[in-house]
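Read the structure below first, then the notes.
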Amino acid sequence: MNLWWLMLVCGAITFAIRYSFIAAEGHYRPPTWFRLLLPFVPIAALTAIVAPELLLVRGEIVLGGGNHRLWAGLVAILAAALWRNTLLTIGCGFLALFVLQRI
Amino acid sequence: MNRTQAFVLGLRSVMPLLLGVAPFGVIYGVVALQSGIPPLAAMAMSSIVFAGSAQFLLAQLVGAGAPLLLTAGAVGLVNLRHALYSASVAPLLAHLPRCWKILLAYLLTDEAYAAAIPHLLGRSDARSSAAHWILFGSGFGLWAGWQVSTLAGVLAGTQLPENLGLDFALPLTFIAIVVPMIETRALFAAAVAAGGVAVALAALPYKVGLFIAALAGLAVGAGLTGRAK
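Residue numbers (the working numbering), protein chains in the order written: chain A, 284 to 386; chain B, 818 to 1046.
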């Protein structure tokens, strides 16, 4: 099997997925419910990425104090809600992780 | 907002995410070499495929000698959620010439989308005139960071970098982006649904759980909006 061909095919698939709706815009009439979904894309997609990172430890849900990333993440969520500042949120999250790992 | 300001805004917004992406790039480079992929091909993959988790998967499947069809299908599944980003930014890019659309689609990753989206949805002036420059800024920043970190991994060769926990910058930055956006009950419900389903389906292969979770979030959010109207 030629590795370069495989890379090109995978690159083409990845690009096609990312280009799909951008290319189709204006060439089709989406049903009204479709437009209702779009405002939720950032929150739904990004929360789906974050939640397992915080709640799962090697595939198991861990809610106890041993799951440092969960508690540091909750500190970051609080910081984000209070100050709405990206760097402050990241700083609080890392600080909390650092402290928790040393308790 | 002019082009330069918009480009710099996008570039600046993606910087915190580079902190988390860089270790992944280095590890990818090392894993690719360990899977028997030559250094030049490992580097080229970061330009041709340009998708972190898909590249990891690709390296593993190549190492395991998986058939082409399976590998290509798996890469497609892993990247399926990018179609949602495509749908999300499509209305903002509708007026652009095709070369712009192609460029921005190529650069449309989790991180570039996440970094740009608060600025695209927030201000009406940015939305109308400079949205594509913001996306280009965040997309280019991530692309450059990914290439450099991949190169570092390929050069480092067989030695995996020490785990400093920097990858935690990714969820932290996503939290910083998402939390301020949750302004209504429907948005909150969408987040809870997506997060819950993602955790429940985390064991599914090829990140299919992420895609289904995002769809669940969209359905719950839109359902609540529809009922309120």
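Quick reminder that beta carbons are idealized off the backbone N, C-alpha and C, glycines included.
Helix, strand or coil at A/Val-340 [DSSP, three-state]: strand
Own chain residues within Cβ distance below 6 Å of A/Ala-379, not counting five before or after: Ala-355, Val-358
Members of the segment 332 to 365 of chain A near chain B, C-beta cut-off 7 Å: Listed by position, the residues of the segment 332 to 365 of chain A near chain B (Cβ gap below 7 Å) are Ile-332, Val-333, Ala-334, Pro-335, Glu-336, Leu-337, Leu-338, Leu-339, Gly-342, Ile-344, Arg-352, Gly-356, Ala-359, Ile-360, Ala-363, Ala-364.
Within-7 Å CB hit, B/Arg-898 to chain A: yes
Cα-Cα separation, B/Ile-854 to A/Asn-285: About 11 Å.
Residue burial classification, B/Gln-872 (beta-carbon count within 10 angstroms, cutoff 16): buried
Spatial neighbours of B/Met-1021 in its chain, beta-carbon cut-off 6 Å, leaving aside the 5 residues before and after: First, the residue type needs correcting, since residue 1021 of chain B is Leu and not Met in the sequence shown. Excluding sequence neighbours, B/Leu-1021 sits near nothing in its chain.
Separation of A/Trp-287 from B/Ser-864, as counted between CA atoms: 12 Å
Whole runs of the alpha helix (DSSP H) within the segment 841 to 898 of chain B, excluding any shorter than 4 residues: Runs of alpha helix (DSSP H) with 4 or more residues, each lying fully within the segment 841 to 898 of chain B, are found at 856 to 865, 869 to 881, 885 to 895, listed in chain order.
Range of the contiguous alpha helix (DSSP H) that encloses B/Ala-1007: From DSSP, the alpha helix (DSSP H) with B/Ala-1007 extends over 1002 to 1017.
A/Ala-379 at chain B interface by Cβ criterion, 7 Å: no
Of the listed residues B/Ala-858, B/Gly-958, B/Val-1025, B/Gly-982, nearest to B/Ala-891 (C-alpha basis): B/Val-1025
Three-state secondary structure assigned by DSSP to A/Gln-384: helix
Assigned secondary structure, A/Val-345 (DSSP; H/G/I helix, E/B strand, else coil): coil
Test: A/Tyr-311 CB closer than 7 Å to a CB of chain B: By this cut-off, A/Tyr-311 is not an interface position.
Residue span of the alpha helix (DSSP H) that contains B/Pro-988, given as start and end: 986 to 995
Proximal residues, the segment 885 to 910 of chain B versus chain A, C-beta separation under 8 Å: Leu-885, Thr-888, Ala-889, Val-892, Gly-893, Asn-896, Leu-897, Arg-898, His-899, Ala-900, Leu-901, Tyr-902, Ser-903, Ala-904, Ser-905, Val-906, Ala-907, Pro-908, Leu-910
Distance between beta carbons of B/Gly-970 and B/Val-847, contact taken as under 8 Å: 5 Å
Identity of the residue in B/Ala-1019, B/Ala-849, B/Ala-859, B/Met-860 nearest B/Gln-877 by Cα: B/Ala-849
Beta carbon proximity, A/Thr-297 to chain B, threshold 7 Å: yes
C-beta neighbour in chain B for A/Pro-325, strict 7 Å: yes
Proximal chain A residues relative to B/Ile-992, where beta-carbon distance stays under 8 Å: Val-333, Gly-356, Ala-359, Ile-360, Ala-363, Thr-372, Gly-376
Reference B/Pro-908; option with closest CA among A/Gly-309, A/Val-340, A/Ala-364: A/Gly-309
Neighbourhood of B/Thr-888 by C-beta distance below 6 Å, restricted to the same chain and skipping five residues each side: Leu-878
Three-state secondary structure (DSSP) of A/Pro-325: Helix at A/Pro-325.
Residues in the segment 983 to 1010 of chain B having any Cβ partner in chain A nearer than 7 Å: Phe-985, Ala-986, Pro-988, Leu-989, Thr-990, Phe-991, Ile-992, Ala-993, Ile-994, Val-995, Val-996, Pro-997, Met-998, Ile-999, Leu-1004, Ala-1007, Ala-1008
Supposed contact pair A/Gly-342 and B/Ala-1019 - C-beta distance, whole angstroms, cut 8 Å: 7 Å
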